[in-house]
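Just so you know, the sequence shown maps onto residues 158 to 415 in my numbering. Glycine is no exception: its CB is placed at the ideal position from the N, C-alpha and C atoms. Computed from a predicted structure; not experimentally measured. These notes are about the structure you will find just below.
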Amino acid sequence: MTPPATPLRQDLQGTRFSEAEWAARIDLAAAYRAAAVYGWSNLIYNHIALRVPGEAEHFLFKPHELMFEEVTASCLLKVDLKGNSVDGTGRKPHPGFTIHASVLQARPDVQCVVHVHPEEGIAMSAHGEGLKPISQDSMHFYNRVGYNDYDGQASPTDQRKKMVADLGQHWALILRNHGLLTCANSAALAIMLMKYLVMSCRTQLVLEASGAPIIIPPAAVCEAAAKRWEVQYAKAHPTAEWDSVLRMLDRINPGYRD
158 MTPPATPLRQ DLQGTRFSEA EWAARIDLAA AYRAAAVYGW SNLIYNHIAL RVPGEAEHFL
218 FKPHELMFEE VTASCLLKVD LKGNSVDGTG RKPHPGFTIH ASVLQARPDV QCVVHVHPEE
278 GIAMSAHGEG LKPISQDSMH FYNRVGYNDY DGQASPTDQR KKMVADLGQH WALILRNHGL
338 LTCANSAALA IMLMKYLVMS CRTQLVLEAS GAPIIIPPAA VCEAAAKRWE VQYAKAHPTA
398 EWDSVLRMLD RINPGYRD
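Now the structure itself:
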């Protein structure tokens, strides 16, 4: 028998994956479990999506009934941008997939979308003045974060169009009265950006609660710092940082590779 041109992996249910897809599944499962470690989980809600390598119209998503810390590489759903199952299982994603699908469809440069509701993010989403450049972490988002107003009366289609427009070409979006979203060209960078965004929200809220005067660097300094981050991420993925996350998970919650 002639071996397949593309190496395949097989999970316990007999489903076969290409090596590229299996690697993506491991990354996404790790992203979910890292998000749990960082305190971004919310029971079984919120999601992270990752485009399947070489399959622009398909992405991976967690089964709705699982908490972040329970996600494994083999359990992930594979769906198209309309939410149809393409992995032969017939399993469909939670309706929240439309947030991720809308971004992936509008932004070919995006491979991963993270959407979570940490308390710091929810608080910042209702902040009248928005995120301020008061820390080195927050410089990542100087003039580089969108804001999407909450409208519970709008149709889902209208909401998604507005959300994509508000995100623009940014890699971060604060959904007013809702939560946070980051996106990037890898799971590693999308998770790292979310970590910086949550830290930035927390730092600002703590400082404002202290009542102390706030020092904001000059605009030129903020822009230069933000530009440096952009250049750095354009050159290379945060491989060393992501490897450290994987080592952490291998120590405390290694089942994500299953």
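Please say whether residue j and residue i have beta carbons closer to each other than 8 Å?
{"i": "residue 331", "j": "residue 337", "result": "yes"}
{"i": "residue 376", "j": "residue 301", "result": "no"}
{"i": "residue 224", "j": "residue 201", "result": "yes"}
{"i": "residue 214", "j": "residue 238", "result": "yes"}
{"i": "residue 334", "j": "residue 266", "result": "no"}
{"i": "residue 345", "j": "residue 395", "result": "yes"}
{"i": "residue 303", "j": "residue 284", "result": "no"}
CA-CA distance, residue i and residue j?
{"i": "residue 350", "j": "residue 262", "result": "20 Å"}
{"i": "residue 217", "j": "residue 173", "result": "14 Å"}
{"i": "residue 373", "j": "residue 277", "result": "20 Å"}
{"i": "residue 309", "j": "residue 315", "result": "11 Å"}
{"i": "residue 252", "j": "residue 260", "result": "14 Å"}
{"i": "residue 317", "j": "residue 175", "result": "32 Å"}
{"i": "residue 246", "j": "residue 231", "result": "12 Å"}
{"i": "residue 254", "j": "residue 291", "result": "33 Å"}
{"i": "residue 199", "j": "residue 177", "result": "30 Å"}
{"i": "residue 410", "j": "residue 340", "result": "25 Å"}
{"i": "residue 415", "j": "residue 212", "result": "22 Å"}
{"i": "residue 401", "j": "residue 195", "result": "14 Å"}
{"i": "residue 242", "j": "residue 378", "result": "48 Å"}
{"i": "residue 219", "j": "residue 364", "result": "36 Å"}
{"i": "residue 249", "j": "residue 236", "result": "7 Å"}
Does residue i come out as helix, strand or coil in the three-state DSSP assignment?
{"i": "residue 235", "result": "strand"}
{"i": "residue 359", "result": "helix"}
{"i": "residue 398", "result": "helix"}
{"i": "residue 212", "result": "strand"}
{"i": "residue 413", "result": "helix"}
{"i": "residue 206", "result": "strand"}
{"i": "residue 200", "result": "coil"}
{"i": "residue 390", "result": "helix"}
{"i": "residue 159", "result": "Below a pLDDT of 50, predicted positions are generally treated as unreliable, and residue 159, at 36, falls in that range; no measurement from the model is reported."}
{"i": "residue 223", "result": "coil"}
{"i": "residue 304", "result": "strand"}
Taking 7 Å as the cut-off, is the C-beta of residue i nearer than that to any heavy atom in the ligand ADP?
{"i": "residue 415", "result": "By its list of ligands, the structure shown contains no ligand whatsoever, and the ligand ADP lies outside what it can speak to."}
Item to complete: Enumerate, from N- to C-terminal direction, the unbroken alpha helix (DSSP H) stretches of 4 or more residues contained entirely within the stretch 234 to 301.
Response: Taking 4 residues as the minimum length, the alpha helix (DSSP H) runs contained wholly in the stretch 234 to 301 are 254 to 263 and 276 to 282, in order along the chain.
Item to complete: Please confirm if the stretch 265 to 283 is in contact with the stretch 204 to 212, defined as three or more CB-CB distances below 8 Å between the two stretches.
Response: Flag = yes, the stretch 265 to 283 and the stretch 204 to 212 touch.
Worksheet item: Going along the chain, which unbroken runs of the beta strand (DSSP E) with 3 or more residues stay wholly within the stretch 315 to 343?
Response: Within the stretch 315 to 343, the complete beta strand (DSSP E) runs of at least 3 residues are 329 to 332 and 336 to 341.
Worksheet entry | Touch test, the stretch 185 to 194 against the stretch 399 to 408, Cβ-Cβ under 8 Å, three pairs minimum | At 8 Å Cβ cutoff, the stretches touch.
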